[in-house]
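I have placed the structure first, in the form of structure tokens, so that the comments after it can refer back to it.
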Amino acid sequence: MLGIVKGFAVTIKHALFRRELTFQYPDEKRDDLAPRFRGELKLRDALDGKVNGGIKVEGEKMPPCMSTCPSNIRIREYVGKVSMGEYEEAVKIIKEDNPLPLICGRVCPHPCESACRRGDKDEPVAINPLKRFAADYDLKLQLDGRGFKLKANINKSKKVAVVGAGPAGLTCAYYLALQGYPVTILEKLPVAGGMLAIGIPDYRLPKDILQAEIDQILSLGVELELNTSVDDLDSLFNDGFDAVFLGVGAHKPMKLEIDGEDLSGVIPGEKFLMDVALDKETDLGKKVAVVGGGNTAIDCARVSLREGAEEVYIVYRRTQAEMPAHHIEVEDADEEGVKLLYLAAPTKIIGKDGRV
Numbered sequence: 002m003l004g005i006v007k008g009f010a011v012t013i014k015h016a017l018f019r020r021e022l023t024f025q026y027p028d029e030k031r032d033d034l035a036p037r038f039r040g041e042l043k044l045r046d047a048l049d050g051k052v053n054g055g056i057k058v059e060g061e062k063m064p065p066c067m068s069t070c071p072s073n074i075r076i077r078e079y080v081g082k083v084s085m086g087e088y089e090e091a092v093k094i095i096k097e098d099n100p101l102p103l104i105c106g107r108v109c110p111h112p113c114e115s116a117c118r119r120g121d122k123d124e125p126v127a128i129n130p131l132k133r134f135a136a137d138y139d140l141k142l143q144l145d146g147r148g149f150k151l152k153a154n155i156n157k158s159k160k161v162a163v164v165g166a167g168p169a170g171l172t173c174a175y176y177l178a179l180q181g182y183p184v185t186i187l188e189k190l191p192v193a194g195g196m197l198a199i200g201i202p203d204y205r206l207p208k209d210i211l212q213a214e215i216d217q218i219l220s221l222g223v224e225l226e227l228n229t230s231v232d233d234l235d236s237l238f239n240d241g242f243d244a245v246f247l248g249v250g251a252h253k254p255m256k257l258e259i260d261g262e263d264l265s266g267v268i269p270g271e272k273f274l275m276d277v278a279l280d281k282e283t284d285l286g287k288k289v290a291v292v293g294g295g296n297t298a299i300d301c302a303r304v305s306l307r308e309g310a311e312e313v314y315i316v317y318r319r320t321q322a323e324m325p326a327h328h329i330e331v332e333d334a335d336e337e338g339v340k341l342l343y344l345a346a347p348t349k350i351i352g353k354d355g356r357v
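Numbering of the sequence shown is given in the working numbering, commencing with residue 2 and proceeding in unit increments.
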């Protein structure tokens with residue numbers, strides 16, 4: 002009964018002040034989490050009774066920010082360190098669960114902030130900007146010859162091959178090296194980073210920041226071989242590797258399944274972003290239509306303007322409120338001159354002489 006009364010109080014409060022009402026664990030039990038997600042339900046059992054940031058975690062009292070974070074970083078602890086000016090200590094805490102704070106501080110959609118209890122009073126804690134600040138500060142110290150540097154003692158005899166230098170492969174190599182394993186990353190592209198390098202434009206994730214993060218992982222003794230395609234896993238074992246981690250990503254684009262999709266001038270978004278990232282020539286023309294409403298669509302539209310297109314349209318089948326892209330990215334695209342068409346979807350692509 003008390004829970005019902007509290008629920009009505011929250012509903013009335015949000016209704017009066019026109020606040021967004023979001024149900025969040027532990028107020029609402031969830032059983033729809035994907036098995037691969039180390040989120041609320043699994044973490045509740047794993048941490049029951051353990052200490053997090055000096056506070057005993059008892060299942061139901063798990064910090065909602067931490068439980069919503071896909072990496073389950075000890076957020077309250079590192080935010081506390083930042084507040085005390087202990088930035089290196091904050092980075093140490095972050096890197097226990099996420100070795101890419103420079104990157105995540107710029108491109109993470111930060112679901113932790115949506116779950117932050119402070120948002121019920123005024124505004125959520127600026128968790129992601131605080132992570133970025135601490136990581137940037139630490140990077141500056143490292144460039145000056147100081148800063149937080151993990152050291153690895155490569156002392157294991159078992160060699161590991163990591164196929165793919167994207168975030169999964171880099172993370173795997175990082176933790177294996179810290180455990181003493183000799184690791185070699187094999188990447189078919191001429192650059193490391195995976196989608197971080199070829200799928201996120203420079204204006205969102207500067208290449209020097211990405212490289213700085215990669216260099217910190219390589220400094221642990223991890224070896225990196227670029228322009229190396231792996232077509233046969235048996236060959237890796239024959240080459241002396243005792244284990245193989247596959248972090249090959251999901252680079253195959255989705256199709257619209259409509260007529261005209263194979264015409265020249267129809268370019269998958271991922272391929273377009275990769276060509277731009279690798280300084281390959283792109284033949285866009287003056288007028289571009291981007292089909293979709295996710296972050297990749299927004300990136301393609303904004304990069305098209307930077308590549309010289311005069312008119313760029315985003316065609317999205319639902320409303321703006323339903324766009325999966327981050328609202329800030331949508332607002333920035335609008336300010337840059339991208340035209341947004343909602344409740345619209347192509348049924349056919351018309352061509353002439355084999356081209357759109």
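Yeah, the Cβ is synthetic: ideal placement off N, Cα and C, and Gly gets one too.
With a threshold of 16 other CB atoms inside 10 Å of the CB of glutamate 61, please say whether the residue is buried or exposed.
Its pLDDT being 46, under 50, glutamate 61 is placed unreliably by the model, and the measurement read from it follows with that caveat. Per the 10 Å Cβ criterion, exposed.
State the beta-bridge partners of alanine 186 as determined by DSSP.
Note on identity: in this sequence residue 186 is isoleucine, with alanine being the wrong assignment. DSSP lists Val163, Leu225 as partners of isoleucine 186.
Taking 7 Å as the limit between beta carbons, can you name the residues of its chain near proline 269, skipping five residues before and five after?
Only residues of its own chain outside the window of five on either side were considered, and among them Pro254 have a CB closer than 7 Å to the CB of proline 269, listed in chain order.
Going along the chain, which unbroken runs of the beta strand (DSSP E) with 3 or more residues stay wholly within the segment 120-154?
Those beta strand (DSSP E) runs which fall completely within the segment 120-154 and span 3+ residues do not exist here.
Buried or exposed for isoleucine 259, please, with buried defined as at least 16 other CB atoms from any protein chain shown within 10 angstroms of its CB.
That one is exposed.
Sequence-distant residues of its chain with Cβ nearer than 7 Å to arginine 356 (five each side left out)
Leu264, Ser265, Gly266
Presumed contact (8 Å Cβ cut-off) between alanine 174 and isoleucine 186, rounded CB distance
Yes, they are in contact, since the Cβ atoms of alanine 174 and isoleucine 186 sit about 5 Å apart, within 8 Å.
Is it true that the segment 193-204 meets the segment 132-142, where meeting means three or more beta-carbon pairs spaced less than 8 Å apart?
no
Helix, strand or coil, according to DSSP, for phenylalanine 242 in the structure here?
coil
What residue does the beta strand (DSSP E) around isoleucine 218 start on, and which one ends it?
From DSSP, isoleucine 218 is part of no beta strand (DSSP E) but of the alpha helix (DSSP H) over 208-219.
Assign tyrosine 175 to one of three DSSP states: helix, strand, or coil.
helix
For tyrosine 79, which beta-bridge partners are listed by DSSP?
Beta-bridge pairing links tyrosine 79 to no other residue.
Cβ neighbour criterion (16 or more within 10 Å) applied to isoleucine 104
buried
Other residues of its chain near glutamine 25: CB distance less than 7 Å, five sequence neighbours each side excluded:
The predicted model places glutamine 25 with a pLDDT of 40, which falls under 50 and marks its position as unreliable, so this point remains unresolved.
Local Cβ density within 10 Å of phenylalanine 238, reported as buried at 16 or more and exposed below that:
exposed
Spell out a yes or no on whether the segment 308-315 and the segment 285-293 are touching, meaning 3 or more CB-CB pairs, one atom from each, closer than 8 Å.
yes
When you compare the CB positions of glycine 248 and glycine 165, do they come within less than 8 Å of one another, or not?
Yes, Cβ-Cβ distance for glycine 248 and glycine 165 is below 8 Å.
Can you tell me where the alpha helix (DSSP H) with tyrosine 88 in it begins and where it stops?
88-96
Alpha carbon to alpha carbon, what distance is there between glycine 194 and isoleucine 210?
11 Å
Rounded separation between arginine 45 and alanine 251 - CA only:
In this predicted model, arginine 45 has a pLDDT of only 45, less than 50, meaning its place in the structure is not dependable; the value taken from the coordinates is given anyway. Their backbone Cα atoms lie some 30 Å apart in a straight line.
Once DSSP output is grouped into helix, strand and coil, what is the label at isoleucine 351?
coil
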